[in-house]
Amino acid sequence: MSVRTQVKDGRTYVEDADDGWLEVKYGLPPEVMFCKSCVVSNQRATPSIITQDQAKGSKTTIPFKDGVCQACAVVGQKDSTDWEERERKLIELLDKHRSRNGSYDCLVPGSGGKDSVYQAHVLKHKYGMNPLTVTWSPHLYTDVGWRNFTSWIQRGGFDNLLMTPDGQAHRKLTELAYRNLLHPFQPFIFGQRHFPARMAKRYGQKLVFYGESHVEYGGREGDELTSEMHSRYYTGDPDGEVFISGLPIEELERYGITRAKLGEYLPMTEADCRDAGIEVHYLGYFLKWVPQQVYYYAVENVGFEANAERTEGTYSKYNSIDDKLDGFHYWCAHVKFGIGRCTHEAGQEIRHGHITRDEGIALVRKYDGELPERFFSEVLDYMNMDREEFFEIADRFRSQHLWRKSGNGWQLRHAVA
Ligand SMILES: [Zn+2]
């Protein structure tokens, strides 16, 4: 490492030639590096093991090797993968679980976005399975998101369980997660991650399918590209120490939110999942997953609609468009890690050869970190705060090693080049 660091009172600092010692938050790497192949930096947080990471309060970040991020390394292997062999393995797995009388034989979690449309549709219409689809509701459906959700179910021909958690409690959790963690999506992720396994157990389903492996965006050290999702991402101890929205679960009781009330948000234990025979697989391990093609498939087969306008914070029109809070999820990640929605999407398109790295850099410079104004007032109302307070909270979460004050605003110290 070519930078100097020091730890004082449990906080890490990195030395900057101009500004002296700067605090490094969240356990991020003190030295900022960008991937040589895409536009992602080594500050990118990997998916949390949510119950455990909450207790630790720090993040793990995407592994880099020889200047290349793990996501690029993993996607690079796709060209040399024997996809026919992978499909044979998929059919073997499906045959093991296939029902003979049309009853459910697998479970597909999703919201009706392009990926879940594709997952459920190919499983039913190409491979003759009988999926039960399961949805953990967005905070605030967008109009296009609701239309896509209904087309998925109606035109695709699926049964669906839509779980919409208590709107008052969920709003409060979202507000607290913003205030305490600058992570408004965190309570939603609890439900999204844990609810499907609960439903699998309740409906006697053993086979659960997600789309792409998260390793394609950067997993943890030791997360290999395998067909199965590691159980640490969907199990935990529902009776143990749990933090939601930055608070120990017991402290939420003052808002009338008890552990029992949060039942569907909480994980099942690993032993319970194992005893129920639940296997969670990535369909993207078996079938070559090209996001653009998945989008076209969803358009053709269920009439999936993109946004009429570019999504704020990026240049695309069809990724994560069903929740009015989506843009804020990415915006907050830009504040905390310097990595916004455009970096995420450009990185993916570079890896799949749709755009060059130079094009990606230009897009990131133009759009990354743009404030999602379209639904801003509705989201402020949802989170029970005004504009001024929203920004005042956000600024407390900026890590000095990433941001410098510039006039009335903030500037990243390190930009992709
Ligand atoms: Zn990369």
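Numbers given in this note's numbering equal positions in the sequence shown, counted from 1, plus 10.
For glycine and all other residues, C-beta sits at the position ideal for the given N, C-alpha and C.
Exposed unless 16 or more other CB atoms sit within 10 angstroms - verdict on residue i
i: residue 71; result: buried
i: residue 321; result: buried
i: residue 245; result: buried
i: residue 81; result: buried
i: residue 366; result: exposed
i: residue 162; result: buried
i: residue 330; result: buried
i: residue 91; result: exposed
i: residue 169; result: exposed
i: residue 212; result: exposed
i: residue 359; result: buried
i: residue 83; result: buried
i: residue 253; result: buried
i: residue 147; result: buried
i: residue 427; result: exposed
i: residue 361; result: buried
i: residue 233; result: buried
i: residue 270; result: exposed
Endpoints, alpha helix (DSSP H) assigned at residue i
i: residue 15; result: Here residue 15 belongs to no alpha helix (DSSP H); instead the beta strand (DSSP E) covers 15-18.
i: residue 209; result: 196-212
i: residue 148; result: First-last for residue 148: undefined, no H or E at that position.
i: residue 169; result: Premise fails: residue 169 lies in the beta strand (DSSP E), 169-173, not in any alpha helix (DSSP H).
i: residue 301; result: 301-312
i: residue 374; result: 367-377
i: residue 342; result: 336-347
i: residue 182; result: 177-191
i: residue 129; result: 124-131
i: residue 386; result: 386-392
i: residue 269; result: Where residue 269 is concerned, there is no enclosing alpha helix (DSSP H), given that its DSSP letter is neither H nor E.
i: residue 399; result: 397-406
Among the options, the one whose alpha carbon lies nearest that of residue i
i: residue 256; options: 183, 244, 42; result: 183
i: residue 319; options: 212, 235, 384; result: 384
i: residue 86; options: 369, 387, 300, 314; result: 300
i: residue 355; options: 334, 379, 421; result: 379
i: residue 193; options: 171, 419, 396, 68; result: 68
i: residue 236; options: 20, 205, 291, 220; result: 291
i: residue 77; options: 46, 100, 96; result: 46
i: residue 119; options: 165, 202, 83; result: 202
i: residue 106; options: 289, 44, 243; result: 289
i: residue 372; options: 353, 361, 390, 382; result: 353
i: residue 376; options: 419, 99, 323, 335; result: 323
i: residue 224; options: 389, 218, 238, 153; result: 238
i: residue 158; options: 179, 133, 181, 128; result: 128
i: residue 326; options: 351, 150, 342, 339; result: 351
i: residue 195; options: 26, 338, 42; result: 338
i: residue 333; options: 313, 394, 156; result: 156
i: residue 41; options: 63, 305, 294, 22; result: 22
i: residue 97; options: 298, 264, 145; result: 298
i: residue 296; options: 188, 346, 220; result: 220
i: residue 102; options: 217, 417, 390, 150; result: 217
i: residue 345; options: 234, 401, 268, 269; result: 401
i: residue 4; options: 398, 313, 348, 197; result: Residue 4 is absent from the structure shown; the chain starts at 11 and stops at 427.
i: residue 135; options: 251, 166, 144, 145; result: 166
i: residue 59; options: 15, 144, 361, 199; result: 199
i: residue 349; options: 50, 16, 145; result: 50
i: residue 215; options: 109, 36, 37; result: 109
i: residue 20; options: 36, 368, 27; result: 36
i: residue 294; options: 258, 133, 416, 392; result: 133
i: residue 79; options: 242, 357, 364; result: 357
Beta-bridge partners of residue i, as assigned by DSSP
i: residue 416; result: 419
i: residue 25; result: 31
i: residue 253; result: 258
i: residue 117; result: 142, 218
i: residue 51; result: 44
i: residue 324; result: Paired residues: none, contrary to the question.
i: residue 71; result: 55
i: residue 278; result: 245
i: residue 238; result: 291
i: residue 285; result: In the DSSP output, where bridge partners are listed per residue, residue 285 has none listed.
i: residue 332; result: Residue 332 pairs with nothing; no bridge assigned.
i: residue 78; result: 75
Closer than 9 Å to chain B by CB, residue i
i: residue 83; result: Protein chain content of the structure displayed is limited to a single chain, and chain B is not contained in it.
Opening and closing residue of the beta strand (DSSP E) in which residue i lies
i: residue 473; result: Lying before the first or after the last residue shown, residue 473 is absent from the chain, which here runs from 11 to 427.
i: residue 219; result: 217-220
i: residue 291; result: 289-292
Residue i: CB within 8 Å of a non-hydrogen atom of ligand 3
i: residue 50; result: This structure does not include ligand 3; its bound ligands are ligand 1.
Okay, do the region 300-314 and the region 123-138 touch, 3+ Cβ pairs below 8 Å being the bar?
Three or more beta-carbon pairs separated by less than 8 Å link the region 300-314 to the region 123-138, which places the two stretches in contact.
With contact counted as at least three CB pairs below 8 Å, one residue from each stretch, are the region 222-236 and the region 50-64 in contact?
Remark: three or more beta-carbon pairs, one from each stretch, lie closer than 8 Å, so the region 222-236 and the region 50-64 are flagged as touching.
Taking 8 Å as the cut-off, does the region 138-147 touch the region 104-122 (at least 3 CB pairs, one atom from each stretch)?
yes
Is it a yes or a no for the region 394-414 touching the region 26-46, going by three-plus beta-carbon pairs under 8 Å?
yes
If we count Cβ pairs, one from each stretch, closer than 8 Å, do we get three or more for the region 282-291 versus the region 207-214?
Taking a contact to require three or more Cβ pairs closer than 8 Å, the region 282-291 and the region 207-214 qualify as touching.
Does the region 256-274 touch the region 174-183, meaning 3 or more C-beta pairs lie closer than 8 Å?
Under the 8 Å Cβ criterion, the region 174-183 counts as touching the region 256-274, having at least three qualifying pairs.
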